[in-house]
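So the sequences go chain by chain: A and B. Each number in the numbering used here corresponds to the 1-based position in the first sequence with 823 added. Each number in the numbering used here corresponds to the 1-based position in the second sequence with 84 added. Quick reminder that beta carbons are idealized off the backbone N, C-alpha and C, glycines included. Since we're looking at a predicted model, the values are computed, not measured.
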Amino acid sequence: MSYNAATASSSLTAFETPFSDTGLVRESSEWNETTPAVPDLESPFSFEFEAGDSAQPVHATDFVQLLAEMESPAFRQSLYDMAAEMEESWSARISNETAMGERFEPFARQEAFTYLSPVLNETEQAIEKVRHYFSGNDLASHNEAAIDQFFDELETGSLPGPAQEQFFKSIVNKVKSVVKTGVNLAKKGISAVGKILPIGKVLEKIKGMVRPLLERVLKYALGKLPASLRPHAANLAKRFLNIESETAVEDGSMNELEAIETEFNSNLAQSLFTADDQEASGIVYEYEQSAGEQPAALPSLDAARQQLMDDLRQGERIAPAIEKFLPAAILALQPVVKIAVSIIGRQRLINYLSGLLAKLIEKYVPQQVVKPLAGSIIDVGLSAIGFETSDRESAAPGYEALVNTIQETVEQLNESAIQDESSLAAATLSAFEKAAANNFPADYLRRELQVPGQQGTWIMMPRNGAKYQYKKYSRVTPVTIEPAVAKHIMSFGGQPLAMFLRDQLGLDPAKPIQAKVHLYEAIPGTRLSQIAAGEKNIPGLSVLNGYLQLHPLDVKTAALLLKEGLLGADLPKKLLASRIHIGSGQRFYFLEIDGARLRTMPSLVKKSGVINQSGATTKNVPVQPSDIQGVVNFVKAEIRINYYFSETESSAVVEKLNKSDFFGAANSIRQSVGNVLNDMLLKNAGSKVKVIHESIPELYVDHLEEKQDQFMGAIGKEAIAKIVEKLIGLVADSAVQGMLNYFRARAAEFRQAQSDEADGVTVKMIFSNIPGMSKIGSVLKALKGSFSLAGITDFSMPSIPVPDVQVKAGKQFD
Amino acid sequence: MTVTANTARLSLLRQVQHWLQAARRLQLLDHLASSNAWHGIESTMADTLRNSLLASSSAVVQRGEQLAKQLEAPNSVDSLRAIKRELVRFRTAYLTAEETIHFYTVAINSRTTPTIAALLRACDILCRRSLQEILQPLGKPTPQVLTYVDKGVGASILKAGLRLWDGQVSAIAAIKVTQHNLFRPTAIIHETGHQMAHLLNWNDELATAFQSQLPRYAESVRACFSGWASEIAADAFAFVHTGYAAVASLNDVVSGAPAAVFSYHANDPHPVSYVRVLLNVEMCRQFYGEGPWNDLADAFRYEYDIDLVQYPSVPLIRACVAALPDVVRVLLKSRYRAFGNQSLSQLLPPERVSPAALERLEYIAGPALFNSHAWIWKECIRLLALTGYKIGALKGDIGALYRQQEEWMRKLGFSIELN
């Protein structure tokens, strides 16, 4: 038997459309002419600033400098890890989340409360200690070294795991940045004139913000964070800086955890830069209040899927069953279509689509067809998926394939598809083909839709969990990874696979590596941590931080690794920046390598009490792979590139130095810095280069909104990106030479840092007082705002001075 | 059915139920070993262990359930007799499964504290790595190794791939590390050597080589070495991995009462201790030349002066000692099918762990050697060799060396994700 879309398509010509052609065209053209492109989404946040004049506040530069200091990927990582651990704590105890219905959330909250209480208490107590220490004294009298020492000595109590420890450490660092900024301002005599709040008051406000912050993390874990948080977070700092902001729209430039951090940091900074206690209290109050807001109650996609499965199984009429399913699917999956649907007539569209989809799937719905389909799916996935004996008789995988196909068809529809009936029919058919190819075994597909030589199909997982969270490909492929290939396969953040194998698995990537490749696909709401947690039967994946071993499988990677590009999926580049932000439909792989395990080390976070004395840490932290960061600071006319050499890489360099193999050492450094790390930075400048500029509180080019200017398109963002890349490119070239000179003159420092027990070594190349930076800064300001662009034509790239070099043990990014 | 038959049936049913409930308790793995102990085992190995223990108990439970089912309905006297015979077999099956499960739960439960667990995980890694270094180039998979700590003088191994008490095949190798040797555990590499020789079938090949390649020596001498082949193979494996450290440690372990050092038992696979220590010293001499092993041998000969003792084994021992240079050549420099027609010293050159190479390692890595997780991960076996060499040659503060060994092993134990 084969699935034949051509037959389905011809039968559709006889299908009576519920749309009248004229009506559809007229309504959609009305939409084009009169409806604003972006509607006003209802925000749960009531906190609004008055639009002021365009003059920036006096401390705009101090403000963005503080924002930049506080921004930290490690903090977001800790939020992600805590959300994953919370989710594990509740999902381990329930068998079916959908069946629990309304009882689920109170239950999950109770579990989360138990998990979060220690970290909340410890963090609040630490802030209280800081407040106590800094309140009594004249703020200006504190010197930087003493402040550092005070904060270094703040210890966590008995936090149960490394994610909470990292959270605690990150909050303490943020508080330190606020205190230091306060001290500096005090030294400038600013606090004396009442432009900022006394530090004790500020710290009191910050303490009040930890609980609402954790509430947001819980919402994130529950998948209940309101979509409007992102635009709201993006606009907070802009409002303070009197930068004109775009209409609040979800454009995906910032992910949920970035939004949580951005909002928190902006509020922290604002509580320092507010002269009025009442206003600062207002910030905390609003932050607290909005934490409790619930997003508009969306119908549950899982419940709707279950209902559709049940209806199909029970032989209900197909079109009405799909009709019931579509509203939930459209709302959950397609915000853009959702908006358009409300305009062109939701019911009509749903009627039309359900009729069309019913026609397409109807011949697979009868029991006598769906059971062999399920059998066929189970057969191809028996070994890789771990179906149980009881599953062998089940028709569920067959119904799942049908429902997935319908859902993924809807997911692919976009605004342009619903212009009129014929384009909707065409788009639906094409989306349906793709969706069917994803969910049906090869035997059921026309030859041109099959992945050559692959018999597998994508199956909902985990089979015995509280709910489906991802898909797994039902075939596991053995491969040999040649060293040259490992260098060219890129993982998240532009990290070469070879680096992952060397640094995080402790393997020698100069030798061919035998691996079994497991493939996964994200469904709406998937987090990589859920895949790792769900794959209990795969050796080495289901461990703490196991998700760090999942890599993106785009078409190029699939071609290199599996010799079959069609198993990969290309998604927007922003979904390749980090593991904490992935998208539905994105594919990933895990390498099962005999004897290889994710390398870890005991946490070095200071703890009070007895916990760490006998090495009795209960959990480890993963070792860090080599990495790079750029900081372009227009406020200080300074550019920094921070090179982080993993422990494995730095020890290999020291080994060569100690063998007096200076040529070998220089060669490895040139290779690592010049080819690998600089390349990672240049190709991912949008997410790896922090930009400090009073007009860019977003800090990263990737966070800038796509300003669709009527005449220039997205020129602002693109031009800023080009300038930043150009600057980094200039600096990166001289950084290679700077690094070699440094190793020639001061290798002992590097040796010293490498012998420290911290993980790896950071070498900071600091290019200060760069001539011409302020001019480029004003061009950026023009690009960002509505100033004249006249200056853009006559600026040139600066000449780069000789860098200062600082070396620190551990990963120390700015 | 008579009343007597019914009484007998009920009695059998009671007995079956008794053993069945006991067998079901064997399935509660978390009751058998503490959760802390399970937590101290690397996650993949913990899964393997759980599955294999459950396989042992499930087989017994299934057997018991079948019997219980048969006893639910009335039975004839004949069938009751058959059931009684099966019941006896079921009891035996229970006891052997219990023996198997008890062995592993005691081993797992020895991970009493996080520190002991970390040190034992380090031992697991050392054993597995030592195996991997030889098996991987030969294209063989490396079995998992679980080490456990126990009292006593000598280490021991329950090899992977062997039939256990209850007939199941052991999925992992279990190696006992002795309390006294926890911070000087070269003996576990010797035990891992048994696993290697078993997997590559080297023991038989080596035994034959001792018979055929030592024609200058008496048949009694050749027969001795041939009979000792399995232990000598394991010593050779420990030597190529850890050099003099293994030799010094062996000396300290076997240096007991003179009667034991000179005692010879036919059919004992262990060489006479006197011969064994000098055999190990000969390995050092052939590969490293002069060194602290000479002093060790002198002291050993002084302590156990063969001219002053009258044991019946003395003439044989003298003859064996005279053959040692050739024995070591056969052992380490002859080619074997087991090693892909290479010699053991070609496959794992002992020079990598010569005192000079170890001192160079210490020099090139600098102070990071015992501190950096990258160095510890990469060079764990050579670190074992280095510290063992220094302790064996009395180089430096012995107390500090033991502390250093504990510290880096603890770090190694924490370098993999736990259960």
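Checklist entry - Name the chain A residues whose beta carbon is nearer than 8 Å to that of B/E126? => result By 1-based counting over the second sequence, the position of residue 126 of chain B is 42. Simply R1420.
Item to check | Inter-stretch contact at 8 Å, needing at least 3 Cβ pairs: the stretch 461-476 of chain B / the stretch 1387-1401 of chain A | outcome: no
Checklist entry - Sorted by chain position, which residues of the same chain lie with C-beta nearer than 8 Å to B/P451's C-beta, five sequence neighbours on each side aside? => result As a working mapping, residue 451 of chain B is identified with position 367 in the second sequence. Around B/P451, the same chain offers no residue with a beta carbon nearer than 8 Å, after the five sequence neighbours per side are excluded.
Checklist entry - What number of angstroms, rounded off, separates the C-alpha of A/M1032 from the C-alpha of B/L110? => result For the purposes of this step, residue 1032 of chain A is taken as residue 209 along the first sequence, with counting starting at 1. For the purposes of this step, residue 110 of chain B is taken as residue 26 along the second sequence, with counting starting at 1. When rounded, the distance between both Cα atoms is 51 Å.
Next on the checklist: Here's the rule: buried if 16 or more other CB atoms are within 10 angstroms of the residue's CB, otherwise exposed. What is B/H349?
Outcome noted: On the second sequence, position 265 is the one that residue 349 of chain B refers to. So B/H349 counts as exposed.
Item to check | Start and end residues, alpha helix (DSSP H) containing B/H282 | outcome: By 1-based counting over the second sequence, the position of residue 282 of chain B is 198. From DSSP, the alpha helix (DSSP H) with B/H282 extends over A271 to L284.
Item to check | Backbone secondary structure at A/R1574 - three-state DSSP | outcome: Indexing the first sequence from 1 puts residue 1574 of chain A at position 751. Here A/R1574 sits in helix by DSSP.
Item to check | Opening and closing residue of the beta strand (DSSP E) in which A/K1359 lies | outcome: Within the first sequence, numbered from 1, the residue matching residue 1359 of chain A stands at position 536. Premise fails: A/K1359 is in no beta strand (DSSP E) and is neither H nor E.
Item to check | Per-residue contacts from A/P1362 into chain B (C-beta, under 9 Å) | outcome: In the first sequence, residue 1362 of chain A corresponds to position 539, counting from 1. Within chain B, the residues near A/P1362 are S127, T128, D131 and T132.
Checklist entry - Is A/I1464 helix, strand or coil by DSSP? => result Reading the first sequence from its first residue, position 641 is the one you call residue 1464 of chain A. Three-state DSSP puts A/I1464 in a strand.
Item to check | Sub-7 Å separation of A/A1103 and A/L1020 beta-carbons | outcome: For the purposes of this step, residue 1103 of chain A is taken as the residue at position 280 of the first sequence. For the purposes of this step, residue 1020 of chain A is taken as the residue at position 197 of the first sequence. In contact: A/A1103 and A/L1020 (Cβ atoms closer than 7 Å).
Item to check | Extent of the continuous beta strand (DSSP E) to which A/K1638 belongs | outcome: No answer is possible for residue 1638 of chain A: it lies beyond the span of chain A, which begins at 824 and ends at 1637.
Item to check | Start-to-end residues for the beta strand (DSSP E) that takes in A/Q1452 | outcome: Working through the first sequence from its first residue, we reach residue 1452 of chain A at position 629. That run of the beta strand (DSSP E) goes D1450 to N1456.
Checklist entry - Under a three-way DSSP split, which group does B/A117 fall into? => result Your numbering for residue 117 of chain B matches position 33 in the second sequence. Three-state DSSP puts B/A117 in coil, outside helix and strand.
Item to check | Segments assigned alpha helix (DSSP H), at least 4 residues, entirely inside the stretch 925-1005 of chain A | outcome: 927-958 and 967-975
Checklist entry - So, is B/D250 buried or exposed, given that buried needs 16 or more other C-beta atoms within 10 angstroms? => result Walking along the second sequence from the start, residue 250 of chain B turns up at place 166. Buried: at least 16 other Cβ atoms inside 10 Å.
Item to check | 8 Å Cβ cut-off: residues of chain B touching A/M905 | outcome: Here residue 905 of chain A refers to the residue found at position 82 when the first sequence is read from its first residue. Within chain B, no residue comes near A/M905; the closest Cβ sits about 18 Å away, beyond 8 Å.
Next on the checklist: DSSP three-state label for A/E850, please.
Outcome noted: Residue mapping note: residue 850 of chain A aligns to position 27 of the first sequence, counting from 1. Note that A/E850 has pLDDT 35, beneath the 50 cutoff, so the model's placement of it is unreliable and no number is given.
Checklist entry - Just the Cα atoms here: how many angstroms apart are A/V1454 and A/P896? => result Counted from its first residue, the first sequence places residue 1454 of chain A at position 631. Counted from its first residue, the first sequence places residue 896 of chain A at position 73. Each residue's alpha carbon lies about 14 Å from the other.
Next on the checklist: Considering only DSSP beta bridges, list what B/K260 is partnered with.
Outcome noted: Mapped onto the second sequence, residue 260 of chain B falls at position 176. Paired residues: B/Y232 and B/S240.
Checklist entry - With 16 other CB atoms within 10 Å as the buried threshold, where does B/Y447 fall? => result Within the second sequence, numbered from 1, the residue matching residue 447 of chain B stands at position 363. The residue in question, B/Y447, is exposed, as its Cβ has fewer than 16 Cβ neighbours within 10 Å.
Item to check | Bridge partner(s) assigned by DSSP for A/Q1629 | outcome: Counting from one through the first sequence, the residue named residue 1629 of chain A turns up at place 806. DSSP, once it has assigned bridges, lists A/K1587 as partnering A/Q1629.
Next on the checklist: What would DSSP say about B/Y348, mapped onto helix, strand or coil?
Outcome noted: Within the second sequence, residue 348 of chain B is the residue found at index 264, counting from 1. B/Y348: coil per DSSP, three-state reduction.
Checklist entry - A/T857 CB to nearest chain B CB: under 7 Å? => result Start at 1 with the first residue of the first sequence, and residue 857 of chain A comes out as number 34. Any reading at A/T857 needs caution, since the residue's pLDDT is 34, under 50, leaving its predicted position unreliable; the model's value is listed next. No - not a single Cβ of chain B is within 7 Å of the one on A/T857.
Item to check | Nearest-angstrom Cβ-Cβ length linking B/W461 and A/R1422, presumed shorter than 8 Å | outcome: Residue numbering aside, residue 461 of chain B sits at position 377 when the second sequence is read from its first letter. Residue numbering aside, residue 1422 of chain A sits at position 599 when the first sequence is read from its first letter. About 7 Å; that satisfies the 8 Å criterion.
Next on the checklist: Please list the terminal residues of the continuous beta strand (DSSP E) segment that includes A/P1425.
Outcome noted: Translated into positions along the first sequence, residue 1425 of chain A becomes position 602. T1423 to P1425 is the extent of the beta strand (DSSP E) around A/P1425.
Checklist entry - Would B/G327 count as contacting chain A if we go by Cβ distances under 7 Å? => result The residue you call residue 327 of chain B lines up with position 243 of the second sequence. Judged by the 7 Å Cβ criterion, B/G327 is not in contact with chain A.
Checklist entry - Over what stretch of residues does the alpha helix (DSSP H) that includes A/A1311 continue unbroken? => result Against the first sequence, residue 1311 of chain A aligns to sequence position 488. At residue 1311 of chain A the sequence reads His, which differs from the Ala that was named. Looking at the DSSP string, the run of the alpha helix (DSSP H) that includes A/H1311 is P1306 to H1311.
Checklist entry - Counting contacts by CB-CB distance shorter than 7 Å, is A/F870 in contact with chain B? => result Stepping through the first sequence from its first residue, residue 870 of chain A is reached at position 47. Since pLDDT at A/F870 reaches only 33, below the 50 mark, its modelled position is unreliable, and the value read off the structure follows with that caveat. Not closer than 7 Å to any Cβ of chain B, the Cβ of A/F870 fails to qualify, so no.
Checklist entry - So is B/T88 buried or exposed if we call it buried at 16+ other beta carbons inside 10 Å? => result Taking the second sequence and counting its residues from 1, one reaches residue 88 of chain B at position 4. By the 10 Å Cβ count, B/T88 comes out exposed.
Checklist entry - Along chain B, in chain order, which residues have C-beta atoms closer than 7 Å to that of A/K1638? => result Beyond the ends of chain A as shown, which are 824 and 1637, falls residue 1638 of chain A; an answer cannot be given.
Checklist entry - Using 8 Å as the Cβ pair cut-off and three pairs as the minimum, do the stretch 242-262 of chain B and the stretch 287-294 of chain B touch? => result no
Item to check | 7 Å Cβ cut-off: residues of chain A touching B/G450 | outcome: Indexing the second sequence from 1 puts residue 450 of chain B at position 366. Ordered by position in chain A, the residues that pass the 7 Å Cβ test against B/G450 are V1477, N1481, R1574 and S1578.
Checklist entry - For A/E908, which option in A/E920, A/Q987, A/I950 and A/G1198 has the closest C-alpha, if you only look at C-alpha atoms? => result As a first step, residue 908 of chain A is located in the first sequence; it is residue number 85 there, counting from the start. When only C-alpha atoms are compared, the closest one is A/Q987.
Item to check | Cβ shell of A/G1509 (< 7 Å), same chain only, five flanking positions each side left out | outcome: Counted from its first residue, the first sequence places residue 1509 of chain A at position 686. So the list reads Y1523, V1524, D1525 and A1544, once near-sequence residues are dropped.
Item to check | Neighbourhood of A/G1432 by C-beta distance below 8 Å, restricted to the same chain and skipping five residues each side | outcome: Reading the first sequence from its first residue, position 609 is the one you call residue 1432 of chain A. Confidence at A/G1432 is low in this model, with a pLDDT of 44, below 50, so the placement of that residue is unreliable and no value is reported for it.
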